[in-house]
Amino acid sequence: MYGIIINFDAEKLREMYSGPVHENAHADICSVLTEDFGFTCIQGDVYFGDESVSSITCVLAAQKLKERFSWFEASVKEIKMLRIDELNDLGPAIGRGSVSKKKGRPLLKVA
């Protein structure tokens, strides 16, 4: 499993974003990554891919974001690809919640 983390320069994003409110940039990115590439928006600018996402998918996704959004390249401080071997929900370990589900599949599994 792979993920992408994006860290924006907030000032440049404010300057460059073409929409009415620069905070919408996160929703724009989430939309492309989920609809076109099989990612799930975890929190902020952290995106985890499903089983179909490879390192090549991550590269193609980054290129698509640059191509689709004129503000993207100038606003990104850093963008990283992660390889995730395990993804475990620690909520039950501290007495909070249970395994999260999306579309009937476990998003996070308990070890």
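So the sequence shown is residues 60 to 170, counted in our numbering.
Beta carbons are placed, not taken as given, at the ideal position from N, Cα and C, and that holds for glycine.
Source: prediction; values computed, not measured.
Would you say residue i and residue j are within 8 Å of each other, going by their C-beta atoms?
{"i": "Thr99", "j": "Phe107", "result": "yes"}
{"i": "His81", "j": "Leu92", "result": "no"}
{"i": "Phe67", "j": "Ser134", "result": "yes"}
{"i": "Glu110", "j": "Met75", "result": "no"}
{"i": "Leu124", "j": "Ile88", "result": "yes"}
Between which two residues does the beta strand (DSSP E) containing residue i stretch?
{"i": "Leu141", "result": "135-142"}
{"i": "Val105", "result": "105-108"}
{"i": "Ile64", "result": "61-67"}
What are the start and end residues of the alpha helix (DSSP H) that includes residue i?
{"i": "Phe96", "result": "83-96"}
{"i": "Glu171", "result": "There is no way to answer for residue 171, as the model of the chain reaches only from 60 to 170."}
To the nearest angstrom, how far is the alpha carbon of residue i from that of residue j?
{"i": "Val118", "j": "Lys139", "result": "10 Å"}
{"i": "Ser77", "j": "Ala152", "result": "43 Å"}
{"i": "Phe131", "j": "Gly62", "result": "18 Å"}
{"i": "His85", "j": "Leu141", "result": "19 Å"}
{"i": "Glu70", "j": "Phe128", "result": "17 Å"}
{"i": "Gln122", "j": "Ile143", "result": "21 Å"}
{"i": "Asp148", "j": "Gly97", "result": "20 Å"}
Which whole-angstrom value describes the C-beta separation of residue i and residue j, a residue pair presumed to lie in contact below a C-beta threshold of 8 Å?
{"i": "Ile64", "j": "Asp95", "result": "Contact doesn't hold; Cβ gap of about 18 Å is too wide."}
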